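Protein chains in written order, with numbering that gives the first Met the number 0: chain A, 0 to 354; chain B, 0 to 139. Just so it is clear, CB atoms sit at the ideal spot from N, CA and C, and this is done for glycine as well. These numbers come from a predicted model, not from an experiment. One structure is given below, encoded as structure tokens.
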Amino acid sequence: MPAVSVDTFFACTLMVIVVLSAMAGASKIILPYVNNAVGLNAPERYEQLSKYVLLSAGAPSDWGQNGQADPQVFGLGKADSGNPYELDVDKVTRLNDENQYSVSYADAFASFGLPDVSFSLEIKPVFEVITNLTAIFDADNITVYQFEILTEKDGAPVSAEIKCRIIAESYLNTADTIPSDGKVYQNITIPDSVNGPALLVAFARHAYDDRIVSYGSYAFAHNSTETETRGTYLKLSPLNYLLNASIVHPETNLSEAYAVTFDYSASLEQVSRSNDSAVYQIPRFLDPSPVVIVLTGRNSTVFFAEWVAYPQVPTRFGADFTNSASLSSIYAFTYMVKVGSVIYRCTVRLGGPRE
Amino acid sequence: MKNANKGQIRIIEAFFAVIIIFSAFAVSANLSVSNHTISHENLASIGLNSLVELDRDGYFCKYITTGNFTALREALSLVLPTGVCFNLTIYDTQMQQVNTEIITNSGFGSQDIATVEYVSAGQDSPFLCYIVHMQLWVVT
Chain A
0 MPAVSVDTFF ACTLMVIVVL SAMAGASKII LPYVNNAVGL NAPERYEQLS
50 KYVLLSAGAP SDWGQNGQAD PQVFGLGKAD SGNPYELDVD KVTRLNDENQ
100 YSVSYADAFA SFGLPDVSFS LEIKPVFEVI TNLTAIFDAD NITVYQFEIL
150 TEKDGAPVSA EIKCRIIAES YLNTADTIPS DGKVYQNITI PDSVNGPALL
200 VAFARHAYDD RIVSYGSYAF AHNSTETETR GTYLKLSPLN YLLNASIVHP
250 ETNLSEAYAV TFDYSASLEQ VSRSNDSAVY QIPRFLDPSP VVIVLTGRNS
300 TVFFAEWVAY PQVPTRFGAD FTNSASLSSI YAFTYMVKVG SVIYRCTVRL
350 GGPRE
Chain B
0 MKNANKGQIR IIEAFFAVII IFSAFAVSAN LSVSNHTISH ENLASIGLNS
50 LVELDRDGYF CKYITTGNFT ALREALSLVL PTGVCFNLTI YDTQMQQVNT
100 EIITNSGFGS QDIATVEYVS AGQDSPFLCY IVHMQLWVVT
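And the structure:
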């Protein structure tokens, strides 16, 4: 390669480095000072907007309860609530796209009324419950399943009380409440006369504040073939204390329906039934706990247990900011909110065009 | 012939240089400046929201009245985001310190500390009122 070409190459490289450094420096140091007032107040503006979403009930104020209605003004607050950051159970539930009454992001965006602001919402329990099947012991007429139950927040252990409920065909059993420092083993005994697959629902209540409750679930084979994924046989949509079960497979027969919480359990009463759906009444439990609803039945000869939580949390709703960091200014605000009687963590992300 | 080739090579080099420079402009214009830090105001807002949420239904005041500061510390540690540390001091209406032990989840300080002042009122008789001072900082 001639020396002139090498010179040119190095000159170009140097020029690119200088230009890039100048642009990076300008964007970091100078641009914040030359932006307009909106740009300077963007964090505060977005923070106020995030609070508005959680504090306002929207319009109509009962848009959550009516599954056919879309909000004209978007807001998740519970109507007529005297407490801040208390969200409506049904509005939160309608954010979950697994629910047949869910609102679309397009409708929510339109009702939010700010064409330059995209948003997303993530609502989840304060801590996680992770269940793992670690061992199986066969005995006379019974099978013992050993579960490892972890309660943690961002990987750190959380002290909690654990209560497990086991559901199989015509079978609902509750294990004793056990304390946990973040990791505990629970033995679940199921008679061999019971048909599966079985479903374990593990509730965890914080050791010091009974409003901080989380749950985890684990479906496992017991006297049965392997479990199917959720939603194979039924699509469950709770709303306004009614559970709508849409039948996915035509040869499906429904049997028992249960609602379980940390302290209570109940059989659900069927309100109506048609060829492709059934409606059940969800009881209003007094204890602070998410309600897990389990609907059992048979598809031909296969037993199944489908479940859903009410409120339908965890949920993630709205714009996907994963790949738009280069084009948008994104601000995230985290709040503790109350949905029903339980405290959840809510993260509101707002983004607009970069100034 | 040789001189003519030299001229062509210069043009090609210049062409490549222009492409590289404009590519650099195009890419750098979309470089994002990610800022994942929690601002001072946001930290105070998070702290106040946590206190409001724990005080709902009179729980916060109950912790103080019963002297259950361990429960208070554990509950606050759980509701605050991971990496946020706090130090809590509780006073009665005479500004006498109520907490007999240090209520904190970390012994390390930081240069950027947000302070939140909150008044917690009990729901039971006799009526009790406490003034809560909370300092928050982010673990660096």
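(request) State yes or no: is the C-beta of alanine 258 (chain A) within less than 8 Å of the C-beta of valine 290 (chain A)? (result) yes
(message) Please tell me whether isoleucine 129 (chain A) has its Cβ less than 8 Å away from any Cβ of chain B.
(response) no
(request) Can you tell me which of the three DSSP states glutamate 73 (chain B) falls into? (result) helix
(request) Just tell me which of A:Ala197, A:Glu227 and A:Val247 has its CA closest to the CA of leucine 235 (chain A). (result) A:Val247
(request) Output the distance between the C-alpha atoms of alanine 36 (chain A) and phenylalanine 85 (chain B), rounded to the nearest integer angstrom. (result) Residue placement at alanine 36 (chain A) cannot be trusted, given a pLDDT of 48 that sits under 50; what the coordinates show is reported in the next sentence. Cα-Cα distance, rounded: 33 Å.
(message) I'd like to know whether the C-beta atoms of glycine 215 (chain A) and valine 128 (chain A) end up nearer to each other than 8 Å.
(response) yes
(request) With 8 Å as the threshold, decide whether the Cβ of alanine 36 (chain A) is near any Cβ in chain B. (result) Any reading at alanine 36 (chain A) must be qualified, since the residue scores a pLDDT of 48, below 50, and its modelled position is unreliable; the value itself is stated next. Chain B, which has no Cβ nearer than 8 Å to the Cβ of alanine 36 (chain A), makes this no.
(request) With 8 Å as the threshold, decide whether the Cβ of leucine 77 (chain B) is near any Cβ in chain A. (result) yes
(request) Quick one: give me the first and last residue of the alpha helix (DSSP H) that asparagine 41 (chain B) is part of. (result) 39 to 54
(request) Please list the residues of the segment 72 to 87 of chain A that have a C-beta atom closer than 9 Å to any C-beta atom in chain B, keeping them in chain order. (result) Asn82, Pro83, Tyr84 and Glu85
(request) Can you tell me which of A:Ser213, A:Ser169 and A:Ala134 puts its alpha carbon nearest to the alpha carbon of phenylalanine 202 (chain A)? (result) A:Ser213
(message) Can you find the residues in the same chain that come closer than 6 Å, C-beta to C-beta, to alanine 308 (chain A), ignoring five residues on each side of it along the sequence?
(response) Pro289 and Val291
(request) Note down the Cα distance separating phenylalanine 126 (chain B) from alanine 120 (chain B), rounded to an integer number of angstroms. (result) 8 Å
(message) Could you compute how far the alpha carbon of glycine 57 (chain B) sits from the alpha carbon of glycine 24 (chain A)?
(response) 51 Å
(message) To be precise: take each residue of the segment 156 to 169 of chain A, compare its Cβ to all Cβ atoms of chain B, and keep it if any distance is under 9 Å. Which residues remain?
(response) Val157 and Ser158
(message) Taking beta-carbon pairs under 7 Å, can you tell me which members of the segment 66 to 100 of chain B lie near chain A?
(response) Ala70, Glu73, Ala74, Leu77, Val78, Pro80 and Thr81
(request) Determine the closest residue to isoleucine 141 (chain A) out of A:Ser266, A:Pro190, A:Lys162 and A:Val88, with distance taken between C-alpha atoms. (result) A:Pro190
(request) State the start and end residues of the unbroken alpha helix (DSSP H) segment that holds alanine 41 (chain A). (result) 41 to 54
(message) Alpha carbons only, please: which of B:Glu100, B:Asp123 and B:Phe24 is nearest the one belonging to valine 18 (chain A)?
(response) B:Phe24
(message) Given this structure, state the Cα-to-Cα distance separating leucine 86 (chain A) from proline 59 (chain A), to the nearest angstrom.
(response) 15 Å
(message) Strictly under 8 Å for the Cβ-Cβ distance: is tyrosine 58 (chain B) near chain A by that measure?
(response) yes
(message) One question on the structure: do isoleucine 161 (chain A) and isoleucine 187 (chain A) come within less than 8 Å of each other, judged by their Cβ atoms?
(response) no
(request) Using a cut-off of 9 Å between C-beta atoms, extract the partners of valine 51 (chain B) located in chain A. (result) Asn82, Pro83, Tyr84 and Met335
(message) Using CA atoms only, rank isn't needed, just tell me which of A:Pro249, A:Asn95 and A:Arg210 is closest to threonine 260 (chain A).
(response) A:Arg210
(message) When you compare the CB of glutamate 12 (chain B) with every CB in chain A, is at least one pair closer than 8 Å?
(response) yes
(request) Count the CB pairs spanning the segment 123 to 137 of chain B and the segment 85 to 100 of chain B that are closer than 8 Å, and state whether there are at least three. (result) yes
(request) Report the residues of the segment 114 to 129 of chain A with a CB closer than 8 Å to any CB of chain B, ordered along the chain. (result) Val125 and Phe126
(request) Please confirm whether glycine 57 (chain A) and glycine 81 (chain A) have their CB atoms less than 8 Å apart. (result) no
(request) Mind listing the chain B neighbours of isoleucine 211 (chain A)? Cutoff is C-beta to C-beta under 8 Å, in chain order. (result) Ala74, Leu77 and Val78
(request) Could you work out which residue in A:Ala21, A:Leu242, A:Tyr217 and A:Val270 is closest to leucine 132 (chain A) when comparing CA atoms only? (result) A:Tyr217
(message) Quick check: what's the CA-CA separation for phenylalanine 284 (chain A) versus leucine 113 (chain A)?
(response) 38 Å
(request) Give the DSSP bridge partners of arginine 229 (chain A), in chain order. (result) According to DSSP, which records beta bridges pairwise, arginine 229 (chain A) is partnered with nothing at all.
(message) Between which two residues does the alpha helix (DSSP H) holding methionine 22 (chain A) run?
(response) 2 to 24
(request) Compare the C-beta of isoleucine 63 (chain B) against all C-beta atoms of chain A and say whether one is closer than 8 Å. (result) no
(message) Please tell me whether phenylalanine 118 (chain A) and valine 347 (chain A) are closer than 8 Å, where the distance is taken between their beta carbons.
(response) yes
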